[in-house]
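Numbering (the UniProt record's numbering), first residue to last: 1 to 329.
Note that beta-carbon positions come from the ideal geometry of N, C-alpha and C, so glycine has one too.
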């Protein structure tokens, strides 16, 4: 072997070892984190994955957004609750979801997404570029501090979302806010005269509603536990549990002979009658076939949250570049 060959041998070994190391590193490197975006609401504009709202509260919030969409062309709002943001910051997570859902009108970018992360106890009002013309970052921060954060600290989730959505739309439509205030002042004396009795009745109804919901939820949990004991190989996910709880709350008893059945659309947009399932065992195969119909969040086509004439909050909007405000509770 000549002198030149001997001199090059160590260099070849270094290059070969380095190349092999690069291949091994590339082989074990983990793939980039891909965010599992929650599904966009099939009806209305509220996706309550953290199960903070009762079915009635969710329906009322959907109706509010639908009414505001009909009155106000400058804002299109949606609501999302989650148990975690999959390791993402609340800002990045909200921006990704809002873009994926297409919150707002295409070309106008007037979307607003209100997000609550129960895991980290963080909140976000994500505002698209077009909406920022009527809802500045300062406006979003004021609404966060005055409405969203206080409501969550009191665990009044329905009230927090209702007040936040109302303020978001009214900030973009000052006349609506002025009319609402004038009407409120006109009725103030009447309300004060009835407030005593109203508080008592409200407290009683709230207590009774809570008791009924608790009893239904405990019964549903018992049915799921019994099913798991009888079918230990069947996996029941948290999503299935939450879907059944909501279905059971919406279908507290069997419909009467003359009751008109509710209808809902599946993932392909095909409408189905919502059948009554008295137990978890009878509900599960229906949910497996049509999860969007039997997830407990589907609204009746006869009483849609938005109404047939209300513009949707999802029109292919975008322009979410970081506008809005974040908070915590």
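Looking only at C-alpha atoms, which of 294, 99 and 155 sits nearest to residue 277?
Here residue 277 is taken as the residue at index 277 of the chain shown, counted from 1. It is 294 whose Cα lies nearest to the Cα of residue 277.
Should residue 126 be labelled buried (16 or more other beta-carbon atoms within 10 Å of its own) or exposed?
Within the chain shown, residue 126 is the residue found at index 126, counting from 1. Under this definition residue 126 is a buried residue.
Using a Cβ-Cβ cut-off of 8 Å (strictly less than) and excluding sequence neighbours within five positions of residue 254, which residues of its own chain qualify?
Here the question's residue 254 lines up with position 254 in the chain shown. These residues qualify, in order along the chain: 276 and 278.
My guess is that residue 317 and residue 44 are in contact by the Cβ rule of under 8 Å, so how many angstroms apart are they, rounded?
Working through the chain shown from its first residue, we reach residue 317 at position 317. Working through the chain shown from its first residue, we reach residue 44 at position 44. That belief does not hold up - the Cβ atoms of residue 317 and residue 44 are roughly 17 Å apart, past 8 Å.
How is residue 210 classed by DSSP in three states: helix, strand or coil?
What you label residue 210 is simply residue 210 of the chain shown in a count that begins at 1. Note: residue 210 maps to helix in three-state DSSP.
Can you find at least 3 beta carbon pairs, one from the segment 138-146 and one from the segment 67-81, that sit closer than 8 Å?
Touching, no, given that fewer than three Cβ pairs across the two stretches are closer than 8 Å.
Helix or strand or just coil, what does DSSP make of residue 76?
For the purposes of this step, residue 76 is taken as the residue at position 76 of the chain shown. Reduced to three states, the DSSP call for residue 76 is strand.
Relative to the C-alpha of residue 66, which residue among 315, 311 and 194 is closest?
Residue 66 sits at position 66 when you count from the first residue of the chain shown. Checked all of 315, 311 and 194; the closest Cα to residue 66 is 311.
Looking at the unbroken alpha helix (DSSP H) that takes in residue 57, where does it start and where does it end?
The residue you call residue 57 lines up with position 57 of the chain shown. 55-71 is the extent of the alpha helix (DSSP H) around residue 57.
In this structure, what does DSSP give as the bridge partners for residue 47?
The residue you call residue 47 lines up with position 47 of the chain shown. Paired residues: 80.
Would you tell me roughly how many angstroms separate the C-alpha atoms of residue 123 and residue 154, rounded to the nearest one?
The residue you call residue 123 lines up with position 123 of the chain shown. The residue you call residue 154 lines up with position 154 of the chain shown. Their backbone Cα atoms lie some 14 Å apart in a straight line.
State buried or exposed for residue 204, treating a residue as buried only when at least 16 other CB atoms are found within 10 Å of its CB.
Position 204 of the chain shown, counted from the first residue, corresponds to residue 204. Label assigned to residue 204: exposed.
Quick check on this structure: which residue in 111, 166 and 64 has the alpha carbon closest to the alpha carbon of residue 333?
The structure shown does not extend to residue 333, since the chain is modelled only from 1 to 329, so the question has no answer here.
Quick one, are the C-beta atoms of residue 240 and residue 287 less than 8 Å apart?
Within the chain shown, numbered from 1, the residue matching residue 240 stands at position 240. Within the chain shown, numbered from 1, the residue matching residue 287 stands at position 287. Result yes, Cβ atoms of residue 240 and residue 287 sit closer than 8 Å.
With distance defined between alpha-carbon atoms, name the residue in 42, 130 and 38 nearest to residue 264.
On the chain shown, residue 264 is found 264 positions in, with the first residue counted as 1. Of the candidates 42, 130 and 38, the one whose C-alpha sits nearest the C-alpha of residue 264 is 42.
If we ignore side chains and look at the alpha-carbon of each, how far apart do residue 211 and residue 218 end up?
Your numbering for residue 211 matches position 211 in the chain shown. Your numbering for residue 218 matches position 218 in the chain shown. Residue 211 and residue 218: Cα-Cα distance of roughly 11 Å.
What's the C-alpha gap between residue 200 and residue 207?
For the purposes of this step, residue 200 is taken as the residue at position 200 of the chain shown. For the purposes of this step, residue 207 is taken as the residue at position 207 of the chain shown. C-alpha separation (whole angstroms): 11 Å.
Relative to the alpha-carbon of residue 56, which residue among 213, 226 and 236 has its alpha-carbon at the smallest distance?
Here residue 56 is taken as the residue at index 56 of the chain shown, counted from 1. The shortest Cα separation from residue 56 among 213, 226 and 236 belongs to 213.
Which one of 292, 140, 88 and 52 has the shortest CA to CA distance from residue 342?
Residue 342 is absent from the structure shown; the chain starts at 1 and stops at 329.
Would residue 244 and residue 216 be called neighbours here (beta carbons separated by less than 8 Å)?
Within the chain shown, the letter at position 244 stands for residue 244. Within the chain shown, the letter at position 216 stands for residue 216. No, the Cβ-Cβ distance between residue 244 and residue 216 is not below 8 Å.
Which residues share a DSSP beta bridge with residue 314?
Here residue 314 corresponds to residue number 314 of the chain shown, with the count starting at 1. Paired residue(s): 103 and 104.
Could you name the residues that DSSP lists as bridge partners for residue 346?
This structure cannot speak to residue 346, because the chain is shown only from 1 to 329.
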